[in-house]
Amino acid sequence: MKREIPIGVSDCLLGNDVRFDGDRRGFALIYDQLKAYLTLRTVPAEVTVGLNDTAQVEDFSTLCGLILCEAQPRESVQQLIQAMPWLPVEEAGQLQQPLIRQHLITRICALWELNQILVDGLTRGALIHYHSRYKLILLAHSQPEYRKIGPFVAAIDKLPIQDFFLAYRIQLMSLLSIPATRQNHTNVLQHVQGYFRPYLTSIQRQELAGLIDQYRQGLQSLQAPMALLKHYLAEYPDAYLQQQRYFDPYPEALNLSYGI
1118 MKREIPIGVS
1128 DCLLGNDVRF
1138 DGDRRGFALI
1148 YDQLKAYLTL
1158 RTVPAEVTVG
1168 LNDTAQVEDF
1178 STLCGLILCE
1188 AQPRESVQQL
1198 IQAMPWLPVE
1208 EAGQLQQPLI
1218 RQHLITRICA
1228 LWELNQILVD
1238 GLTRGALIHY
1248 HSRYKLILLA
1258 HSQPEYRKIG
1268 PFVAAIDKLP
1278 IQDFFLAYRI
1288 QLMSLLSIPA
1298 TRQNHTNVLQ
1308 HVQGYFRPYL
1318 TSIQRQELAG
1328 LIDQYRQGLQ
1338 SLQAPMALLK
1348 HYLAEYPDAY
1358 LQQQRYFDPY
1368 PEALNLSYGI
């Protein structure tokens, strides 16, 4: 099924005549990558007007990301973040940097998938399955924050399901707002490596461990050990690993390299 991801975009980035002169280049980069999946929604530059209105905040709650003009006043941006702390927000000019662009796309896709649970029917089982599917991605972004969110998910029965969803969305997106690091990715790769250890020869184990270490040292991109792990996952299927979003955090057609 085709994804239709709703994104809010400052009208200055879409060519409308406003007083903020946004840099369209960063927006063009992300739009070119995601245009087959995006539904754009124009957001006035003075978007914070009326944010104390519950109806307007609820209206924005369907968005999976917000791309703003660089000239947006800092006070305005802070008001947005306070009103919608779960929403990925980025200035357009920053999106010219590949890692920042990929980080935003990761958060947009994660939030879209989480919001789909509301569309399909909110259940505790669906939320637990979602959290399990995102485990490795969350570990790549922040191990301490992952250890905090785990007990919260384990206590899902202690809150009404709607209240839990709202609190979980904020915690999840706060965790994902922390950029993934090479060290965290290395730890995740080594963790995944352990699943294949019983099936690999000594030479294969050394090759995989060497690739991971080369990645750790910055001598290889993440795609090198990831490609080999995907190869072994196809050869030695594991139900838990096959469900992990870590191996496909974006729509496949985007052909993006994940991480650093």
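Residue numbering for the sequence shown follows the numbering used here, beginning at 1118 and increasing consecutively.
Every residue, glycine too, gets a C-beta built ideally from N, C-alpha and C.
Exercise. Can you grab the Cα-Cα spacing for the pair residue 1215 / residue 1147, in whole Å?
Key: Sequence index remark: in the sequence shown, residue 1215 carries index 98 (1-based). Sequence index remark: in the sequence shown, residue 1147 carries index 30 (1-based). For residue 1215 and residue 1147, the distance between alpha carbons rounds to 10 Å.
Quiz item: Just how far apart, CA to CA, sit residue 1139 and residue 1367?
Solution: On the sequence shown, residue 1139 is found 22 positions in, with the first residue counted as 1. On the sequence shown, residue 1367 is found 250 positions in, with the first residue counted as 1. Any reading at residue 1139 is ruled out, since the residue's pLDDT is 43, under 50, leaving its predicted position unreliable.
Quiz item: Hey, out of 1130, 1316, 1322, 1357, whose CA is closest to residue 1248's CA?
Solution: As a working mapping, residue 1248 is identified with position 131 in the sequence shown. For residue 1248, the nearest C-alpha among the options comes from 1357.
Quiz item: Quick one, are the C-beta atoms of residue 1303 and residue 1322 less than 7 Å apart?
Solution: Counting from one through the sequence shown, the residue named residue 1303 turns up at place 186. Counting from one through the sequence shown, the residue named residue 1322 turns up at place 205. In this structure, residue 1322 does not lie closer than 7 Å to residue 1303 by Cβ.
Quiz item: Which residues does DSSP pair with residue 1207 in a beta bridge?
Solution: Against the sequence shown, residue 1207 aligns to sequence position 90. DSSP output for residue 1207 lists 1184 as bridge partner(s).
Quiz item: Which residues in the same chain have their Cβ closer than 6 Å to the Cβ of residue 1182, if we skip the five residues on either side of it in sequence?
Solution: Residue 1182 sits at position 65 when you count from the first residue of the sequence shown. For residue 1182, where only same-chain residues beyond five positions count, the Cβ hits under 6 Å are 1124, 1205, 1225.
Quiz item: Nearest CA to the CA of residue 1365: which residue from 1251, 1292, 1275, 1294?
Solution: Indexing the sequence shown from 1 puts residue 1365 at position 248. Taking only the C-alpha atoms, the option nearest residue 1365 is 1251.
Quiz item: Would DSSP call residue 1339 helix, strand or coil?
Solution: Residue 1339 sits at position 222 when you count from the first residue of the sequence shown. Here residue 1339 sits in coil by DSSP.
Self-check item: Distance CB(residue 1273)-CB(residue 1281) smaller than 7 Å
Solution: Here the question's residue 1273 lines up with position 156 in the sequence shown. Here the question's residue 1281 lines up with position 164 in the sequence shown. In this structure, residue 1281 lies closer than 7 Å to residue 1273 by Cβ.
Quiz prompt | Neighbour-count burial assignment, residue 1218, 16 or more Cβ in a 10 Å radius | solution = Within the sequence shown, numbered from 1, the residue matching residue 1218 stands at position 101. When all chains shown are included, residue 1218 counts as buried.
Self-check item: Coarse secondary structure for residue 1223, derived from DSSP in three states
Solution: Numbered from 1 along the sequence shown, position 106 holds the residue referred to as residue 1223. Residue state, collapsed to three classes: helix.
Quiz item: So residue 1242 is in the alpha helix (DSSP H); what residue range does that whole segment cover?
Solution: Here residue 1242 corresponds to residue number 125 of the sequence shown, with the count starting at 1. Start and end: 1241-1250.
Quiz item: Quick one, which of 1299, 1320, 1295 has its alpha-carbon nearest residue 1203's?
Solution: Taking the first residue of the sequence shown as 1, we reach residue 1203 at position 86. Checked all of 1299, 1320, 1295; the closest Cα to residue 1203 is 1295.
Self-check item: Extent of the continuous beta strand (DSSP E) run through residue 1127
Solution: Taking the sequence shown and counting its residues from 1, one reaches residue 1127 at position 10. Residue 1127 -> beta strand (DSSP E) spans 1122-1127.
Quiz item: Beta carbon of residue 1328, beta carbon of residue 1342: below 7 Å?
Solution: Residue mapping note: residue 1328 aligns to position 211 of the sequence shown, counting from 1. Residue mapping note: residue 1342 aligns to position 225 of the sequence shown, counting from 1. Cβ atoms of residue 1328 and residue 1342: closer than 7 Å.
Practice problem: Give the straight-line distance between the Cα atoms of residue 1338 and residue 1276, rounded to the nearest whole angstrom. | Solution: For the purposes of this step, residue 1338 is identified with residue 221 of the sequence shown, where counting begins at 1. For the purposes of this step, residue 1276 is identified with residue 159 of the sequence shown, where counting begins at 1. Each residue's Cα considered, the two are about 42 Å apart.
Quiz item: Any idea if residue 1362 is buried or exposed, counting beta-carbon neighbours within 10 angstroms, 16 or more meaning buried?
Solution: Position 245 of the sequence shown holds residue 1362. The residue is buried, with at least 16 neighbouring Cβ atoms inside 10 Å.
Quiz item: Near residue 1262, what residues of its chain come up, given a Cβ to Cβ distance below 6 Å and the 5 sequence neighbours on each side ignored?
Solution: Here residue 1262 refers to the residue found at position 145 when the sequence shown is read from its first residue. 1292, listed in sequence order.
Quiz item: Can you tell which of 1126, 1160, 1161, 1177 has its C-alpha closest to the C-alpha of residue 1152?
Solution: On the sequence shown, position 35 is the one that residue 1152 refers to. Nearest of 1126, 1160, 1161, 1177 to residue 1152, Cα basis: 1126.
Quiz prompt | Within 7 Å, strictly: CB atoms of residue 1159 and residue 1128 | solution = Your numbering for residue 1159 matches position 42 in the sequence shown. Your numbering for residue 1128 matches position 11 in the sequence shown. Result yes, Cβ atoms of residue 1159 and residue 1128 sit closer than 7 Å.
Practice problem: Figure out for me which residue from 1284, 1311, 1299 has the closest Cα to the Cα of residue 1377. | Solution: Numbered from 1 along the sequence shown, position 260 holds the residue referred to as residue 1377. If we check each option's Cα against that of residue 1377, 1299 comes out closest.
Exercise. Take residue 1118 and list the residues in its own chain whose beta-carbon comes closer than 7 Å to its own, dropping the five residues that flank it on each side.
Key: Along the sequence shown, one-based indexing puts residue 1118 at 1. Summary for residue 1118: the model assigns pLDDT 40, below 50, so the residue's position carries little reliability; its value from the coordinates is reported in the next sentence. There are no such residues.
Quiz prompt | Three-state secondary structure (DSSP) of residue 1130 | solution = Locating residue 1130 in the sequence shown gives position 13, where the first residue counts as 1. Reduced to three states, the DSSP call for residue 1130 is helix.
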